[in-house]
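In our numbering, the protein residues as written are 98 to 536.
Just so it is clear, CB atoms sit at the ideal spot from N, CA and C, and this is done for glycine as well.
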């Protein structure tokens, strides 16, 4: 029987994991979401970790907003509360994992397995079967027996070459005791385009709905959906009140939201609304200004480097930010938003574009270098948040700035010191860090 919460039923749940990145978790999760939805199953999607882009795809496939469940950045109480809220009123909570099942931060925490164990949910392992046959058995057996608290309840074979190949794989798996739920044929059409930060945004995929339809048809044809549902375990109610959400940046927060500023965490926005803040949204790419009544402006991350010329020409947007600064509104930018707060953004071709000029910073992506990892942050600006925060950093651009007070002192997940991050001038501030939660 499902658990009941506030008169609503909580879904059962499953985690979709894999031995490594690139195994096909996202496409198979999308196919499952859409195929189950077609059958009338209400599926609530979630993504392990701090990723912004996968949840956008998951939400489009499920026709319900996805939520991030980040076992490194968030406390157990926060994770359980978010999972329970997401599962309320649904039939199934379907959680896509991140990287390999046991891969986490540099301090060896924060993996998909950690989340599955905390939430007591079974894992269905997606195995890329290309270029292997009987070796699939020791691979799956190793993952299934590696940690007692993590239950690998089933396997989906991906990129299977032929029916003969499938038979060899299934026969080998029979010795593991882990059931095979289906075998997906190799299909070049089941690939989502990528760019430097991972997948492109859903709106950039031509014929996106046709892609989802194809993924749903494939999942429905080759995966035993009834057997998969039978493996799901109840999502437990939160056993403690979650910590308070991060406080709103202001009483009225104007938030940039379009293809250049797409990286927003739903749990932060929901928390701000719950605490009484008014949220309004505007599009810098459409040359819209933030509300003239806002007390804070939030420029989240995204892909401003793909829209340099358009942002440079957005005079109403720039004037609106300058007016907000004149009203002493808090102006905060994360990653791409930090880039736009600067003087100049140099794009991949080496072309410079004038940004808002609120911080004396030049960012460039014509000499890409990947910076990636969780961050422990101590802020020195005027953010209305606890002094210690958890976040992450993922970018290929670099920043050159004058000597300014940094926004954050930072370490990596293990606690090793990193250079100070970002810049602060009065009530204008930003950095490459994406803040997830209080430490």
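Residue burial classification, residue i (beta-carbon count within 10 angstroms, cutoff 16)
{"i": "residue 492", "result": "buried"}
{"i": "residue 538", "result": "The question about residue 538 has no answer, for the chain in this structure spans 98 to 536."}
{"i": "residue 466", "result": "exposed"}
{"i": "residue 211", "result": "buried"}
{"i": "residue 118", "result": "exposed"}
{"i": "residue 263", "result": "buried"}
{"i": "residue 523", "result": "exposed"}
{"i": "residue 261", "result": "exposed"}
{"i": "residue 208", "result": "buried"}
{"i": "residue 513", "result": "exposed"}
{"i": "residue 235", "result": "exposed"}
{"i": "residue 354", "result": "buried"}
{"i": "residue 424", "result": "exposed"}
{"i": "residue 228", "result": "exposed"}
{"i": "residue 183", "result": "buried"}
{"i": "residue 373", "result": "exposed"}
{"i": "residue 180", "result": "buried"}
{"i": "residue 484", "result": "exposed"}
Whether residue i touches residue j by CB criterion (8 Å)
{"i": "residue 63", "j": "residue 115", "result": "Residue 63 lies beyond the stretch modelled for the chain, which goes from 98 to 536, so this question has no answer here."}
{"i": "residue 476", "j": "residue 486", "result": "yes"}
{"i": "residue 525", "j": "residue 422", "result": "yes"}
{"i": "residue 233", "j": "residue 249", "result": "no"}
{"i": "residue 357", "j": "residue 391", "result": "no"}
{"i": "residue 459", "j": "residue 437", "result": "no"}
{"i": "residue 344", "j": "residue 278", "result": "no"}
{"i": "residue 259", "j": "residue 237", "result": "no"}
{"i": "residue 489", "j": "residue 472", "result": "yes"}
{"i": "residue 257", "j": "residue 280", "result": "yes"}
{"i": "residue 185", "j": "residue 266", "result": "no"}
{"i": "residue 413", "j": "residue 431", "result": "no"}
{"i": "residue 396", "j": "residue 347", "result": "no"}
{"i": "residue 171", "j": "residue 534", "result": "yes"}
{"i": "residue 135", "j": "residue 160", "result": "no"}
{"i": "residue 253", "j": "residue 191", "result": "no"}
{"i": "residue 151", "j": "residue 363", "result": "no"}
{"i": "residue 428", "j": "residue 394", "result": "yes"}
{"i": "residue 178", "j": "residue 335", "result": "yes"}
Supposed contact pair residue j and residue i - C-beta distance, whole angstroms, cut 8 Å
{"i": "residue 255", "j": "residue 226", "result": "6 Å"}
{"i": "residue 510", "j": "residue 202", "result": "4 Å"}
{"i": "residue 359", "j": "residue 127", "result": "No, residue 359 and residue 127 are not in contact; Cβ-Cβ is about 18 Å, not under 8 Å."}
{"i": "residue 388", "j": "residue 349", "result": "7 Å"}
{"i": "residue 456", "j": "residue 527", "result": "7 Å"}
{"i": "residue 214", "j": "residue 145", "result": "Not really, about 12 Å apart at Cβ, beyond 8 Å."}
{"i": "residue 251", "j": "residue 328", "result": "6 Å"}
Separation of residue j from residue i, as counted between CA atoms
{"i": "residue 399", "j": "residue 317", "result": "33 Å"}
{"i": "residue 166", "j": "residue 504", "result": "26 Å"}
{"i": "residue 138", "j": "residue 189", "result": "8 Å"}
{"i": "residue 331", "j": "residue 216", "result": "9 Å"}
{"i": "residue 288", "j": "residue 124", "result": "7 Å"}
{"i": "residue 164", "j": "residue 198", "result": "19 Å"}
{"i": "residue 310", "j": "residue 130", "result": "11 Å"}
{"i": "residue 322", "j": "residue 337", "result": "33 Å"}
{"i": "residue 376", "j": "residue 244", "result": "43 Å"}
{"i": "residue 111", "j": "residue 220", "result": "6 Å"}
{"i": "residue 268", "j": "residue 109", "result": "30 Å"}
{"i": "residue 449", "j": "residue 403", "result": "12 Å"}
{"i": "residue 464", "j": "residue 401", "result": "16 Å"}
{"i": "residue 143", "j": "residue 173", "result": "16 Å"}
{"i": "residue 292", "j": "residue 154", "result": "At residue 292, the pLDDT of 42 sits below 50, so the modelled position is not reliable and the matter cannot be decided from this model."}
{"i": "residue 295", "j": "residue 196", "result": "For residue 295, the pLDDT reaches just 48, beneath the cut-off of 50, and the residue's location in the model is therefore unreliable, leaving the point undetermined."}
{"i": "residue 411", "j": "residue 365", "result": "27 Å"}
{"i": "residue 222", "j": "residue 282", "result": "16 Å"}
{"i": "residue 496", "j": "residue 517", "result": "12 Å"}
{"i": "residue 240", "j": "residue 270", "result": "13 Å"}
{"i": "residue 407", "j": "residue 461", "result": "16 Å"}
{"i": "residue 507", "j": "residue 474", "result": "5 Å"}
{"i": "residue 447", "j": "residue 441", "result": "11 Å"}
{"i": "residue 187", "j": "residue 409", "result": "44 Å"}
{"i": "residue 531", "j": "residue 326", "result": "35 Å"}
{"i": "residue 342", "j": "residue 415", "result": "30 Å"}
{"i": "residue 242", "j": "residue 479", "result": "48 Å"}
{"i": "residue 515", "j": "residue 383", "result": "37 Å"}
Proximity test, residue i beta-carbon vs the ligand FMN heavy atom, cut-off 7 Å
{"i": "residue 494", "result": "No copy of the ligand FMN occurs in the structure displayed, which carries no ligand at all."}
Contact with chain C by residue i, beta-carbon distance below 8 Å
{"i": "residue 263", "result": "Although the question refers to chain C, the structure presented lacks it and comprises just one protein chain."}
**Message:** Runs of 3 residues minimum, wholly inside the segment 370-420: which ones carry the beta strand (DSSP E) assignment?
**Reply:** 375-379, 393-396
**Prompt:** Whole alpha helix (DSSP H) runs in the segment 206-288 with 4 or more residues, listed along the chain?
**Reply:** Along the segment 206-288, the alpha helix (DSSP H) occurs as fully enclosed runs of 4 or more residues at 209-216, 233-242, 260-270, listed in sequence order.
**Request:** Within the segment 151-195, note down every full beta strand (DSSP E) run reaching 3 residues or more, in order along the chain.
**Result:** 164-166, 189-193
**Request:** Could you name each continuous beta strand (DSSP E) segment of 3 residues or more that falls completely within the segment 460-528, going from the start of the chain to the end?
**Result:** 468-476, 485-492, 495-498, 505-509, 514-518, 520-522, 525-528
**Request:** Pick out the complete beta strand (DSSP E) segments inside the segment 123-153, 3 residues or longer, and give them in chain order.
**Result:** 140-145
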